[in-house]
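*Asks:* I'd like to ask you about the structure that follows.
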Amino acid sequence: MPTYERPAGSLISYMSDKVKAGGGLNLAQGLPGFPPPPELTDILKELSDQPVHQYAPGRGDNDLRDILPTLFPGGPARDQFIVTNGATEAITLTYLYLSRREAQPFSALAFEPVYESYRNLPQIFGNHFVAFDIGEGLFGREEAFRQVVRDQQVKIVFVSSPGNPLGRVWRRDELERLAALSDELDFSLIVDGVYREIYFGEQPWLPTDRISPRLFYADSFSKTLSITGWRVGFLAAHPSHLAALRTIHDYTGLSSPSVLQKAIARYLAAHDNGAAYLAAARRTVGTSFVALKKMLTALGFRIPPIDGGYFIWAELPEGFDDGLAFAEELYAQEKLAAVPGIHFSDAGVRFVRFNIAKPLADIEEAARRIEKFVRTGRLSGG
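So in my numbering, the last one in the sequence shown is 1657, and the numbering has no gaps at all.
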């Protein structure tokens, strides 16, 4: 198999752009392969003729902010939410705010393998980044974690549950311990719940009922309602931070699209916060996960435990040692895009990430292409 030089920038965008230019199946980007709820798009059509096309309030549409606390019973109050341009802005806004509060050089930390924003935000703002291998769980690695936080002056920790690219769901006792450590070791915790509704077993617990001065919660409707292009997310924070966060938001994100916020608010109010749609999406993704995992395992891929989310994080079978070359050749030969593992971890050279948020027919076609490529690659000594 040829050797490839790693391209600059996001490998997710790089592999996805191949499909946009040359066609094929895109299992690289975290795009749902199914449409939003039809009731939601019907509401959007109705709203399009109404006077809702100017700036929304900076904090967010009032109706949507009324709805948000109902998504998290016992959690943040209405005035603790800021509606943002996707969860990406919520995370960036929080990072910018927290970084400005630190007088001394500091590090940010996330858990291996690392979602691209967590790794790149510190680099953009000139801070050091630490990738921490949690192994089998926080409790078995707590002393090592403590040491890294102290030695590297870690002041911001990112955690997502389920994760991306590895769909690990953090246990409640682990998240509670992590929150306790944030107080003890003096770091802030940014919790990313974007994939909270896509799980394969027990529903993930997230610490939304205990937003403290050190805990910030970011989320969006991109994955829950299959509207990644709408860019409507939200941030929940302790009252002590809200005035400063709103000020930064006013001069950076300003407001998420007004008409889209209103459509989401009306849909959630009329449809039990989208419960039926979410249940159907979970079944679709779960079925596709099982099908692709079974095929990949039969081909010799090693799949670590995955509890939810949109992806399969897979170690290559014997005979393949370079995830970048694998992804390049898989697209070149079979027009199927995946993401090389080195995008998420320096230790991910032998890994690739596949998006399984697709209808079963797409997953079965992808499986056929992967099988053909792997078997051909083995025969040719790849």
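Just so it is clear, CB atoms sit at the ideal spot from N, CA and C, and this is done for glycine as well.
Among the candidates 1485, 1550 and 1429, whose CA atom is the shortest distance from the CA of residue 1374?
*Replies:* Here residue 1374 corresponds to residue number 99 of the sequence shown, with the count starting at 1. It is 1429 whose Cα lies nearest to the Cα of residue 1374.
*Asks:* Please go through the same chain and pick out, in chain order, the residues whose beta-carbon is closer than 6 angstroms to the beta-carbon of residue 1484, but skip the five residues on each side of it.
*Replies:* Sequence index remark: in the sequence shown, residue 1484 carries index 209 (1-based). Counting only Cβ-Cβ distances below 6 angstroms, and skipping sequence neighbours, we find 1349 and 1350.
*Asks:* What residues are listed by DSSP as bridge partners for residue 1384?
*Replies:* Counting from one through the sequence shown, the residue named residue 1384 turns up at place 109. Answer is 1405 and 1432, bridged to residue 1384.
*Asks:* Measure the alpha-carbon distance for residue 1580 versus residue 1442 and round it to whole angstroms.
*Replies:* Stepping through the sequence shown from its first residue, residue 1580 is reached at position 305. Stepping through the sequence shown from its first residue, residue 1442 is reached at position 167. Between residue 1580 and residue 1442, the C-alpha separation is close to 8 angstroms.
*Asks:* Does the structure place the segment 1560–1574 close enough to the segment 1448–1456 that three or more beta carbon pairs sit under 8 angstroms?
*Replies:* No: fewer than three Cβ pairs fall under 8 angstroms.
*Asks:* Tell me which residue opens and which closes the alpha helix (DSSP H) that residue 1601 is part of.
*Replies:* Counted from its first residue, the sequence shown places residue 1601 at position 326. Here the alpha helix (DSSP H) through residue 1601 covers 1598–1609.
*Asks:* Helix, strand or coil for residue 1549? Go by DSSP, reduced to three states.
*Replies:* Stepping through the sequence shown from its first residue, residue 1549 is reached at position 274. Reduced to three states, the DSSP call for residue 1549 is helix.
*Asks:* Given that a residue counts as buried once 16 or more other Cβ atoms are within 10 Å of its Cβ, and exposed if not, what is residue 1512?
*Replies:* For the purposes of this step, residue 1512 is taken as residue 237 along the sequence shown, with counting starting at 1. Label assigned to residue 1512: buried.
*Asks:* In this structure, does DSSP put residue 1648 in helix, strand or coil?
*Replies:* If you number the sequence shown from 1, residue 1648 lands on position 373. The answer is helix: DSSP assigns residue 1648 an H, G or I state.
*Asks:* Across which residues does DSSP place residue 1359 in a beta bridge pair?
*Replies:* In the sequence shown, counting from the first residue as 1, residue 1359 sits at position 84. Answer by DSSP bridge pairing, in chain order: 1508.
*Asks:* Given this structure, state the Cα-to-Cα distance separating residue 1492 from residue 1608, to the nearest angstrom.
*Replies:* The residue labelled residue 1492 in the question sits at position 217 within the sequence shown. The residue labelled residue 1608 in the question sits at position 333 within the sequence shown. Each residue's alpha carbon lies about 42 angstroms from the other.
*Asks:* Could you name the residues of the same chain whose beta carbon sits closer than 7 angstroms to that of residue 1575, not counting the 5 residues immediately before and after it, in chain order?
*Replies:* Counting from 1 along the sequence shown, the entry for residue 1575 is found at position 300. Closer than 7 angstroms at the Cβ level, and outside the excluded window around residue 1575, lie 1592 and 1593.
*Asks:* Under a Cβ-count criterion, where at least 16 other Cβ atoms within 10 Å of its own Cβ denotes burial, should residue 1293 be classed as buried or exposed?
*Replies:* As a position in the sequence shown, residue 1293 is number 18, starting the count at 1. That one is buried.
*Asks:* What are the boundary residues of the beta strand (DSSP E) that includes residue 1590?
*Replies:* In the sequence shown, counting from the first residue as 1, residue 1590 sits at position 315. Segment 1586–1590, the beta strand (DSSP E) holding residue 1590.
*Asks:* Mind checking whether residue 1531 and residue 1331 have CB atoms under 9 angstroms apart?
*Replies:* On the sequence shown, position 256 is the one that residue 1531 refers to. On the sequence shown, position 56 is the one that residue 1331 refers to. Taking 9 angstroms as the Cβ cut-off, residue 1531 and residue 1331 qualify as a contacting pair.
*Asks:* Under the assumption that residue 1311 contacts residue 1501 (Cβ atoms under 8 angstroms), give the Cβ distance between them as a whole number of angstroms.
*Replies:* Position 36 of the sequence shown, counting from 1, holds the residue named residue 1311. Position 226 of the sequence shown, counting from 1, holds the residue named residue 1501. Rounded, the Cβ-Cβ distance is 5 angstroms, consistent with contact.
*Asks:* Note down the Cα distance separating residue 1610 from residue 1641, rounded to an integer number of angstroms.
*Replies:* As a first step, residue 1610 is located in the sequence shown; it is residue number 335 there, counting from the start. As a first step, residue 1641 is located in the sequence shown; it is residue number 366 there, counting from the start. When rounded, the distance between both Cα atoms is 9 angstroms.
*Asks:* Counting C-beta neighbours from all protein chains within 10 Å, is the total for residue 1585 16 or more, i.e. buried, or is it exposed?
*Replies:* Residue numbering aside, residue 1585 sits at position 310 when the sequence shown is read from its first letter. Under this definition residue 1585 is a buried residue.
*Asks:* Leaving aside the five residues before and after residue 1407 along the sequence, list all residues of the same chain whose C-beta is less than 7 angstroms from its C-beta, in chain order.
*Replies:* Looking up residue 1407 in the sequence shown gives position 132. So the qualifying residues of the chain are 1384, 1386, 1387, 1420 and 1423.
*Asks:* Using only alpha-carbon positions, find the residue among 1417, 1477, 1414 and 1638 that is nearest to residue 1444.
*Replies:* Residue numbering aside, residue 1444 sits at position 169 when the sequence shown is read from its first letter. Answer by Cα proximity: 1477.
*Asks:* Give me the DSSP bridge partner(s) of residue 1694.
*Replies:* Look at the range of the chain in this structure, 1276 to 1657, and you will see that residue 1694 is not part of it.
*Asks:* Could you tell me if residue 1633 is buried or exposed, where buried requires 16 or more neighbouring beta carbons within 10 angstroms of its beta carbon?
*Replies:* For the purposes of this step, residue 1633 is identified with residue 358 of the sequence shown, where counting begins at 1. Buried is the call here.
*Asks:* So does the segment 1462–1478 actually touch the segment 1358–1372, counting three or more Cβ pairs closer than 8 angstroms?
*Replies:* The segment 1462–1478, when compared against the segment 1358–1372, does touch it at the 8 angstroms Cβ threshold.
*Asks:* Take residue 1323 and list the residues in its own chain whose beta-carbon comes closer than 8 angstroms to its own, dropping the five residues that flank it on each side.
*Replies:* In the sequence shown, the residue the question calls residue 1323 occupies position 48. So the qualifying residues of the chain are 1534.
*Asks:* Can you tell me the Cα-Cα spacing of residue 1618 and residue 1627, whole angstroms?
*Replies:* Your numbering for residue 1618 matches position 343 in the sequence shown. Your numbering for residue 1627 matches position 352 in the sequence shown. Those two C-alpha atoms are separated by around 9 angstroms.
*Asks:* Taking its Cβ as the centre, do 16 or more other Cβ atoms sit within 10 Å of residue 1232, making it buried, or is it exposed?
*Replies:* Residue numbering for the chain in the displayed model covers 1276 to 1657; residue 1232 lies beyond these limits and cannot be assessed.
*Asks:* Of the choices 1454, 1544 and 1475, whose alpha-carbon is the least far from that of residue 1417?
*Replies:* As a first step, residue 1417 is located in the sequence shown; it is residue number 142 there, counting from the start. Per the Cα distances, 1454.
*Asks:* Mind checking residue 1334: buried by the 16 CB within 10 Å criterion, or exposed?
*Replies:* Position 59 of the sequence shown, counted from the first residue, corresponds to residue 1334. Burial call: buried.
*Asks:* As a quick exercise: from 1595, 1546, 1479 and 1488, pick the residue whose alpha carbon is nearest that of residue 1623.
*Replies:* Looking up residue 1623 in the sequence shown gives position 348. Among 1595, 1546, 1479 and 1488, the Cα nearest to that of residue 1623 is on 1595.
*Asks:* What are the residues that DSSP puts in a beta bridge with residue 1614?
*Replies:* Here residue 1614 refers to the residue found at position 339 when the sequence shown is read from its first residue. DSSP lists 1628 as partners of residue 1614.
*Asks:* Spatial neighbours of residue 1480 within its chain, please: CB distance less than 6 angstroms, with the 5 preceding and 5 following residues excluded, ordered by chain position.
*Replies:* Stepping through the sequence shown from its first residue, residue 1480 is reached at position 205. Answer for residue 1480: 1447, listed in chain order.
*Asks:* Can you tell me whether DSSP reads residue 1656 as helix, strand or coil?
*Replies:* On the sequence shown, residue 1656 is found 381 positions in, with the first residue counted as 1. Its pLDDT being 42, under 50, residue 1656 is placed unreliably by the model, and nothing is read from it.
*Asks:* Between which two residues does the alpha helix (DSSP H) carrying residue 1318 extend?
*Replies:* Residue 1318 sits at position 43 when you count from the first residue of the sequence shown. 1313–1322 is the extent of the alpha helix (DSSP H) around residue 1318.
*Asks:* Taking residue 1529 as part of the beta strand (DSSP E), name the residues at either end of that continuous run.
*Replies:* Within the sequence shown, the letter at position 254 stands for residue 1529. Segment: none, residue 1529 is in no beta strand (DSSP E) and carries neither H nor E.
*Asks:* Measure from the alpha carbon of residue 1487 to the alpha carbon of each residue in 1597, 1395, 1646 and 1515, then state which is nearest.
*Replies:* Numbered from 1 along the sequence shown, position 212 holds the residue referred to as residue 1487. Checked all of 1597, 1395, 1646 and 1515; the closest Cα to residue 1487 is 1515.
*Asks:* Can you tell me whether residue 1392 is helix, strand or coil according to DSSP?
*Replies:* In the sequence shown, the residue the question calls residue 1392 occupies position 117. It is helical.
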